[in-house]
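Numbering (my numbering), first residue to last: 248 to 659.
Idealized CB from N, CA, C, for every residue including glycine.
Keep in mind it's a predicted model, so treat the numbers as computed, not measured.
Have a look at the structure below before the remarks.
Pasting the structure below:
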């Protein structure tokens, strides 16, 4: 697998014109061969399906962060857009969960990429973008985001647009002002405005298949009645603006808890075939990391599976069954975290058993800036910190089985 990956890197060496032509043909054939379903997508019971023929479409995604201070997808100072997108395709992902901050659309619509980086003092990163992606510098941050999404679409990669937070920053904490409706940077009216703008701006792009209402609801203001009220408002806002989109809904406590839906299902009948629920899980979720080091592995895996099924897995069954999208999971790819290593084996086995849709955290090898540190490495990243190759071929190999559709579905 590593040797094949190196061959592909040679194939996509854009300084070699002959290789560039071969790359164009190769990508076209791969896209034609793999992107065999039609858009838009809908849901039928627990499956995401192709609207036209009712066949299941499995989401095998990678998260690409674009919600931090610059409001630009990470890595564009390291590699040209098309090089990054080609690597996403070659790694076997058919979609990207692209994160975004609401204020990008509601407060910074005229901000250019050059201005954004200058405002954040990121002069080295700005120079990198000028070298690798000079066409982006004069674009607004939205138009630059659109350029990335357009490029992914040309390679057959679908986009899920994740409203990660409102204020561009690293996420997440209980008291970061972005956790729940009513927090300082999470006011319902402005949040709805952001959803409406994004749904409308991408209405002409069928490869944008869905929008998430909000990432990891959390914090002291959490309240079930407020959740029902605002989730319904958000879903209706997206559906009215663009009825083709999947509407992706998170639960409480950092995207792990939907137990309240056992008592009171979410009544969105007129858009029921567009609703997808999302969950997150890591080794450290709910303090579970120590379990892997102190208890038998089989017992830990079984306990985690039971907890997930109790808190969210029940949504896959019954008269209100809906798809469950594991939109974040992952581990340190250096292999130096024993809990993370054990978790990944355990969790991938769980994903195989239910053949869930998923998005691994993360694509990015590093960040323009994160938590005050310039060029901060992302140990969970699929790419290395120059965005030039796989960080860990062994880690990537673990994902290949779940990239395949293991269970099928067809509507009658």
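Residue j beta carbon less than 8 Å from that of residue i
i: residue 577; j: residue 529; result: yes
i: residue 492; j: residue 522; result: no
i: residue 508; j: residue 562; result: yes
i: residue 345; j: residue 409; result: yes
i: residue 506; j: residue 557; result: yes
i: residue 388; j: residue 454; result: no
i: residue 400; j: residue 323; result: no
i: residue 571; j: residue 501; result: no
i: residue 604; j: residue 295; result: yes
i: residue 645; j: residue 591; result: yes
i: residue 526; j: residue 573; result: yes
i: residue 320; j: residue 379; result: no
i: residue 341; j: residue 307; result: yes
i: residue 427; j: residue 465; result: yes
i: residue 479; j: residue 516; result: no
i: residue 413; j: residue 349; result: yes
i: residue 497; j: residue 459; result: yes
i: residue 334; j: residue 630; result: yes
i: residue 518; j: residue 494; result: yes
i: residue 435; j: residue 367; result: no
i: residue 616; j: residue 386; result: no
i: residue 638; j: residue 612; result: yes
i: residue 499; j: residue 469; result: yes
i: residue 383; j: residue 394; result: yes
Burial state of residue i, where buried means 16 or more other Cβ atoms lie within 10 Å
i: residue 461; result: buried
i: residue 482; result: buried
i: residue 279; result: A caution first: residue 279 carries a pLDDT of 39, below 50, which makes its placement in the model unreliable, though a value can still be read off. Its Cβ having fewer than 16 others within 10 Å, residue 279 is exposed.
i: residue 254; result: Unreliable positioning characterises residue 254 in this predicted model, as indicated by a pLDDT of 41, which lies under 50. The coordinate reading is nonetheless provided below. It is exposed - the Cβ of residue 254 has fewer than 16 other Cβ atoms within 10 Å.
i: residue 643; result: buried
i: residue 606; result: buried
i: residue 310; result: buried
i: residue 430; result: buried
i: residue 655; result: exposed
i: residue 660; result: Only positions 248 to 659 of the chain appear in the structure, and residue 660 is not among them; the question remains open.
i: residue 420; result: exposed
i: residue 365; result: exposed
i: residue 303; result: buried
i: residue 532; result: buried
i: residue 371; result: exposed
Terminal residues of the beta strand (DSSP E) in which residue i lies
i: residue 506; result: Neither: residue 506 is in no beta strand (DSSP E) and is coded neither H nor E.
i: residue 557; result: Per DSSP, residue 557 belongs to no beta strand (DSSP E); it is in the alpha helix (DSSP H), 544-558.
i: residue 634; result: Run containing residue 634: none; DSSP gives neither H nor E here.
i: residue 572; result: 571-575
i: residue 400; result: Careful: residue 400 lies outside any beta strand (DSSP E), inside the alpha helix (DSSP H) at 388-401.
i: residue 493; result: 493-497
Contact set for residue i: own chain, Cβ-Cβ below 7 Å, skip 5 residues either direction
i: residue 627; result: 577, 578, 579, 580, 608, 609
i: residue 540; result: 585, 586
i: residue 538; result: 547
i: residue 355; result: 318, 388
i: residue 375; result: 324, 325
i: residue 689; result: As displayed, the chain neither begins before 248 nor continues past 659, which places residue 689 out of reach and without an answer.
i: residue 486; result: 494, 518, 521
Close beta carbons around residue i, own chain, < 8 Å, minus the five adjacent residues each side
i: residue 648; result: 595, 599
i: residue 272; result: Bear in mind that the predicted position of residue 272 carries a pLDDT of just 40, short of 50, making it unreliable; the figure below should be weighed with that in mind. So no residue of the chain qualifies.
i: residue 347; result: 313, 314, 318, 392, 408, 409, 410, 411, 445
i: residue 520; result: 289, 290, 291
i: residue 484; result: 439, 442, 443, 446
i: residue 710; result: Missing from the structure shown is residue 710; the chain here goes from 248 to 659 and no further.
Per DSSP, the bridge partner or partners of residue i
i: residue 291; result: 294
i: residue 428; result: According to DSSP, which records beta bridges pairwise, residue 428 is partnered with nothing at all.
i: residue 345; result: 311, 408
i: residue 601; result: Note: residue 601 sits in no beta bridge, so no partner.
i: residue 335; result: DSSP, once it has assigned bridges, lists no residue as partnering residue 335.
i: residue 379; result: Answer is none; residue 379 lacks a bridge partner.
i: residue 459; result: 409, 495
i: residue 616; result: 621
i: residue 606; result: 308
i: residue 525; result: 497, 572
i: residue 303; result: 296
i: residue 359; result: 387
Nonlocal neighbours in the same chain, by C-beta distance under 6 Å from residue i, ignoring five residues either side
i: residue 593; result: 548
i: residue 416; result: none
i: residue 437; result: 353
i: residue 652; result: 305
i: residue 488; result: 443, 446, 447
i: residue 504; result: 498, 558
Where the alpha helix (DSSP H) containing residue i begins and where it ends
i: residue 437; result: 435-448
i: residue 539; result: 538-541
i: residue 485; result: 471-488
i: residue 351; result: 350-353
i: residue 645; result: 640-646
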